[in-house]
Structure formats: structure tokens, C-alpha cells
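Number of protein chains: 2
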Amino acid sequence: MAARYEHIAAELRDEILAGVHPVGAQLPSEAELAARYSAARGTVRQAVAVLAAEGLVGSRQGARRIVLGGERSQSFAELHSFAQWAKSKGHTVGGEVLGQRRRRAGPAEAVRLSTTEVLEVLRLRTLEGEPVLLERTVYASWIAPAVEALPSDCESVTQALYDRVGLVFAYGEHLIDAVAAGTEDARLLGVRRGSPLLRQRRITTTQEGRPVEWSDDRYRAGSVAFSIRNSIGANPLTRLALP
Amino acid sequence: MAARYEHIAAELRDEILAGVHPVGAQLPSEAELAARYSAARGTVRQAVAVLAAEGLVGSRQGARRIVLGGERSQSFAELHSFAQWAKSKGHTVGGEVLGQRRRRAGPAEAVRLSTTEVLEVLRLRTLEGEPVLLERTVYASWIAPAVEALPSDCESVTQALYDRVGLVFAYGEHLIDAVAAGTEDARLLGVRRGSPLLRQRRITTTQEGRPVEWSDDRYRAGSVAFSIRNSIGANPLTRLALP
DNA sequence: TAGGGGAACTTGTACAAACAAGGCCAGACC
DNA sequence: GGTCTGGCCTTGTTTGTACAAGTTCCCCTA
Numbered sequence: 168m169a170a171r172y173e174h175i176a177a178e179l180r181d182e183i184l185a186g187v188h189p190v191g192a193q194l195p196s197e198a199e200l201a202a203r204y205s206a207a208r209g210t211v212r213q214a215v216a217v218l219a220a221e222g223l224v225g226s227r228q229g230a231r232r233i234v235l236g237g238e239r240s241q242s243f244a245e246l247h248s249f250a251q252w253a254k255s256k257g258h259t260v261g262g263e264v265l266g267q268r269r270r271r272a273g274p275a276e277a278v279r280l281s282t283t284e285v286l287e288v289l290r291l292r293t294l295e296g297e298p299v300l301l302e303r304t305v306y307a308s309w310i311a312p313a314v315e316a317l318p319s320d321c322e323s324v325t326q327a328l329y330d331r332v333g334l335v336f337a338y339g340e341h342l343i344d345a346v347a348a349g350t351e352d353a354r355l356l357g358v359r360r361g362s363p364l365l366r367q368r369r370i371t372t373t374q375e376g377r378p379v380e381w382s383d384d385r386y387r388a389g390s391v392a393f394s395i396r397n398s399i400g401a402n403p404l405t406r407l408a409l410p
Numbered sequence: 168m169a170a171r172y173e174h175i176a177a178e179l180r181d182e183i184l185a186g187v188h189p190v191g192a193q194l195p196s197e198a199e200l201a202a203r204y205s206a207a208r209g210t211v212r213q214a215v216a217v218l219a220a221e222g223l224v225g226s227r228q229g230a231r232r233i234v235l236g237g238e239r240s241q242s243f244a245e246l247h248s249f250a251q252w253a254k255s256k257g258h259t260v261g262g263e264v265l266g267q268r269r270r271r272a273g274p275a276e277a278v279r280l281s282t283t284e285v286l287e288v289l290r291l292r293t294l295e296g297e298p299v300l301l302e303r304t305v306y307a308s309w310i311a312p313a314v315e316a317l318p319s320d321c322e323s324v325t326q327a328l329y330d331r332v333g334l335v336f337a338y339g340e341h342l343i344d345a346v347a348a349g350t351e352d353a354r355l356l357g358v359r360r361g362s363p364l365l366r367q368r369r370i371t372t373t374q375e376g377r378p379v380e381w382s383d384d385r386y387r388a389g390s391v392a393f394s395i396r397n398s399i400g401a402n403p404l405t406r407l408a409l410p
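Listed in order, the protein sequences are those of chains A and B.
Residue numbering for the first sequence follows my numbering, starting at 168 and increasing by one per position.
Residue numbering for the second sequence follows my numbering, starting at 168 and increasing by one per position.
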């Protein structure tokens, strides 16, 4: 059962996306909303805070809230899982494991995943039949058996791990940059060597903060982009100089 | 004067970054923190909510909050302004305007910036003397005069616009992908044609939700990366299929 | 010793109240 | 006509209370 404020947030979100509150318009005041939903003002504030975090509405002290944008927001699972994302968007997704082996963790991996042995997996993912993404993932040893037990054509690893061992990915850190395709990248993705790839390196942890995997994902240029909304109040995005 | 919860958040953040609460450790309970700061629990909750939004701590109902990461978080201004970011990181930054002209807005620009005329500016930015970033920015007509009045070697446009006309950038939407360097890109950035560039397209608006600029920024590969923290509770990052 | 039960603890949700701070507008004033 | 001021509206901050829901861990039992 969802919380009260989530109901209110969902209803307001629907109204915004349906055009009841068009972009640029003002949202009803907190007092009005509180009256409409017979809720306390604090509860309404929590609801609109959700929308603000999604970048759907903005606010300034003293003035009414403004609708900033329509259309948005994927769940964490959809971002994390290529297959779940593609399916929810109506794409046809494919993929297979090209290689998989256990090995000792390098020093950087040992620190990041707090483990001494790792399972390294190379996967190629396709979208509408076209190779689009090359995943080089390193799993911590405690989850390795569950990953090895998966069929090599398993579509959604995230989903499978949840179904089988109840694993939930909860926190992620992502590093996004551009690289030139190496020989192997080029061959597997069907592009020329040196052509641009969008690289997403990420580390994911469980709800308890335990690291699960470290992955280097490379997308063919022109196939996929990342989108972020931020504001003066909430800025999850940062820029880094590479050494 | 900053709010109480901001003080508490800042203090906790400092403690985390200083290692008082190492990564993976538990934060004191809300009750303890409330006692320590002689604040209500609600105020403490607001403070830790800030840290959670920054991706510094995670939380689960029933269990203590966990420290997820050290080192983090730039202000919105630092992300938005290349110069402010570079300075705060101790880099030496340079740059110049290579071209600037007014023209009629294209159909897409007219919608995005809600204007019929735009000011187009091409800027090259350097880091430690090396060309790193090529900015193609389109300003809405209402801010164009202020931008034209800036000196061509103005380091921080963001800062200058704030100082002169009080303009504050408040909301942004970013689209990040990889592209191959075109002829002009390659010449100005000093790379070979076709080499990978990290592209960040963004649209920025004021606090009132009024669009200010639309920019296409291209970083030389290997110079800069973007970093995002997200969680199951707050996911500002989304993946998009390109047409 | 292994397991179950449960108490104590911790975070999540909701309500109520009050004041502060800033925006907005209309009416007064120059 | 233009400007300024004051009152009203709206969001921001803080405190207090109560209960719900989930986690942790100890103790007791089989």
C-alpha cells in the first residue's frame, strides 16, 4: 500500500502530464491542495517535493510553484537494467554472454567491491537486432554463483537475480565519458576502430551498502543518450577532470 | 543566514568527508542527532534528506542510515559554469569567443527558448592551456543584450550575468552522448576528425521557469567526465534511445 | 547448538500549529 | 502617469506528537 503523499504526488504528476497544469503554469497552493485531499500541509509538501526532485516542478519562496516540464522519470531498475528499460520503451532487446571467467580481483577492484575474487562477464546487447551495447561487468564473489547459474541468453540479469536470490540493486554511482572504440569493441559492435563510444562506468550496491558489481558499458554512438534534470536545489550531476 | 537544517547537514557532511563516519558505517540515529543539536527530529530528518539527495548516505526503514560515499557534490553553479568549476578545482582556465551573431530562431529553438530571435555564440575553453571544450550556445533574445555586452575574454559568463543583471540559472536539463568530431570541432579542439567527443546538450531556465539558453558543449575525450549518484529512491538519470 | 519469539530500537508517515521570508498586487501618493 | 508602500498570499523552517513498519539482537526454548 502506497503512502498518502505518494498518491497525491502520483495524481499531480498525472495531471501535469495530462496537461491539466501545462508547462509554465502555476500549481495550486499548498493550502488548496491540502484542502482538496483533506491532508495536512506537511503531507502535501512531501508530495510536491517528490515532483520537484523529479524536475517536474520548481518553486520559489513566496511565489506559487511552477510546472517545469512534462514527460520524464524512469525507475532505478529501468535505468539499471538495459533489458527492463528497452522492454518498457517497446524496443526489442537481445543479447548474449560472450565470455565469463573467475579471476583474482585487481587492487582497484578489491577496494571497490571489497572482495579478493571476482567474476568477469562480457555481454553484447542488441536493440532491434542491432548491436548497441558492450558490457564488461565484474561481480563480487558473493554473488558470482548466482550469476554463473544464469542461462547465457538471459535477457535481464537484474530481473533474474531478483527472482532467484532476492537481490535488489539500490544505489549506483555512474561515470560517463566518451572513448574511441578499441579493436575488440569495434569488431563486436560492428563499427570502425576509433569511432566514438559513449562509456558508462558504474558501481552498484545493495540496500545495505554492499557492493555488487562494477561495470564498463560502451554504447555505440548515436544509439543511446543519457538525460538528467537538475536544479539549484538538487544537483546529482557533477563534472570531473580526467587525469 | 542559513537554515538550521542546512547547518546540521553541512556539519554531518564535513564529518563524513573527514572520515568521522567512514564509508559503510552507520550514522547516529535521528534521536541522537536531535539531542546533539537540540533540534526537533523533523529538522534532523530534513538535514539527512539533503545528504541522501547528494548520494552521501542511504537509508532503509528500520535500520540505521549508512554512509555510501565520501567526496562529492558540486553546486549547481559549479556544474553549470565551466569557469567556476575549474577554478574551484584549482585548474587554470581560459577561453575566448570565436564567433557571435544574432539570427532568427529555428523552429526547435523557438519552442525550446520561446523566442523568435536568438544570439548564437561559439566559445572555446581551455584547461591548463589545452583546448578542451567547444561551446555552441544559443541565448534567448531577452538576455542577448547582456551577453553581447560581455568582453570576449570573459571567463565566467554565468558569474558575469549574475553580477550585471542578477540572472540566476536555476533549472537544467542535460542530454549526454558521444559524437565524432566534425571538421570544425577537430580543428578548434586540436584533435583528428572523427575522434570521439563527449557531448552535453543542455537547456537552462531561470527560477521562474523562463528558458535562458540552449547549449551544445563538446568535450575532448579523456579530458572530462560526468558523474552521477542515484538510488532506488531518487533517480534523476534516465536513458534515452536516439532516433 | 540452532532456531523462534519478542522487546527495543530506528526510520517512515501523518497531523497540527506557529512564525519567518519573500512575492504579488492594489491602492495611495507624488 | 509613475512610483512606493502596505497588506495579503504563498512557500520555507521549526517544533511537537503519535503511530506504523521494518530491523536488530538478545534471550529463551527445544
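Just so you know, even glycine gets a beta-carbon here, dropped at the ideal spot from N, CA and C.
Query, Result
"Exposed unless 16 or more other CB atoms sit within 10 angstroms - verdict on B:D320", "exposed"
"Contacting residues, own chain, Cβ-Cβ under 6 Å from A:R369 (five flanking each side not counted)", "G339, H341 and S382"
"Buried/exposed call for B:P160, threshold 16 Cβ in 10 Å", "Outside the displayed span of chain B (168 to 410) sits residue 160 of chain B, for which this structure offers no information."
"Validate contact between the segment 323-330 of chain B and the segment 348-361 of chain B using beta carbons, cut 8 Å, 3 pairs", "no"
"Simplified DSSP assignment, three categories, for B:S382", "strand"
"Reduced DSSP secondary structure (H/G/I, E/B, other) of B:A341", "Reading off the sequence shown, one finds His at residue 341 of chain B, where the question assumed Ala. The answer is strand: DSSP assigns B:H341 an E or B state."
"Own chain residues within Cβ distance below 7 Å of B:H258, not counting five before or after", "L294 and E295"
"Minimum Cβ-Cβ distance from A:L404 to chain B less than 8 Å", "yes"
"Reference B:V299; option with closest CA among B:G376, B:A392 and B:V314", "B:A392"
"Three-state secondary structure (DSSP) of A:I370", "strand"
"Contacts of B:I343 in chain A (Cβ-Cβ under 8 Å)", "I343, L365, A392, F393, S394 and I395"
"Backbone secondary structure at B:S398 - three-state DSSP", "strand"
"Of the residues A:D181, A:H247, A:R208 and A:R227, the one placed nearest A:E380, counting alpha carbons only", "A:H247"
"Proximity of A:S390 and A:G222 at Cβ, strictly below 8 Å", "no"
"Strand pairing of A:G266, partner residues [DSSP]", "A:L289"
"Neighbour flag for B:W252 against chain A, beta carbons, 8 Å", "yes"
"Chain A residues whose Cβ lies nearer than 7 Å to that of B:A353", "Within 7 Å Cβ-Cβ: nothing; B:A353 doesn't reach chain A, min ~12 Å."
"Positions along the segment 278-304 of chain B whose CB lies within less than 8 Å of some CB in chain A", "L294"
"Distance, B:V305 Cα to B:A272 Cα", "9 Å"
"Cross-chain neighbours of B:L409 in chain A, by beta carbon under 8 Å", "G389, S390, V391 and A392"
"Continuous beta strand (DSSP E) stretch holding B:V305: start and end", "E297 to A307"
"Under the three-state DSSP convention, the category A:L407 falls into", "strand"
"Three-state secondary structure (DSSP) of A:Q251", "helix"
"Residues of its chain near B:S281, where Cβ-Cβ distance is below 7 Å and the 5 sequence neighbours each way are ignored", "P378"
"Which of helix, strand or coil DSSP assigns to A:Q228", "coil"
"The alpha helix (DSSP H) enclosing A:A206, as first and last residue numbers", "No alpha helix (DSSP H) holds A:A206; DSSP gives it neither H nor E."
"8 Å Cβ cutoff met for B:L291 and B:L301", "yes"
"Span of the alpha helix (DSSP H) around B:D320", "Where B:D320 is concerned, there is no enclosing alpha helix (DSSP H), given that its DSSP letter is neither H nor E."
"Spatial distance of B:T372 from B:L409 (CA atoms)", "24 Å"
"Residues that B:R246 contacts on chain A, provided the C-beta gap is smaller than 9 Å", "Here residue 246 of chain B is Leu; the residue named in the question, Arg, does not match the sequence. Going along chain A in sequence order, the residues near B:L246 (Cβ under 9 Å) are N397, N402, L404, T405 and R406."
"Burial state of A:P274 (16 or more Cβ within 10 Å)", "exposed"
"Sufficient close CB pairs (3 or more, under 8 Å) joining the segment 230-237 of chain B to the segment 182-199 of chain B", "yes"
"Collapsed DSSP secondary structure at B:P189 in the structure displayed", "coil"
"Coil, strand or helix - B:R377 by DSSP", "coil"
"Span of the alpha helix (DSSP H) around A:E351", "T350 to L356"
"Under the three-state DSSP convention, the category A:L218 falls into", "helix"
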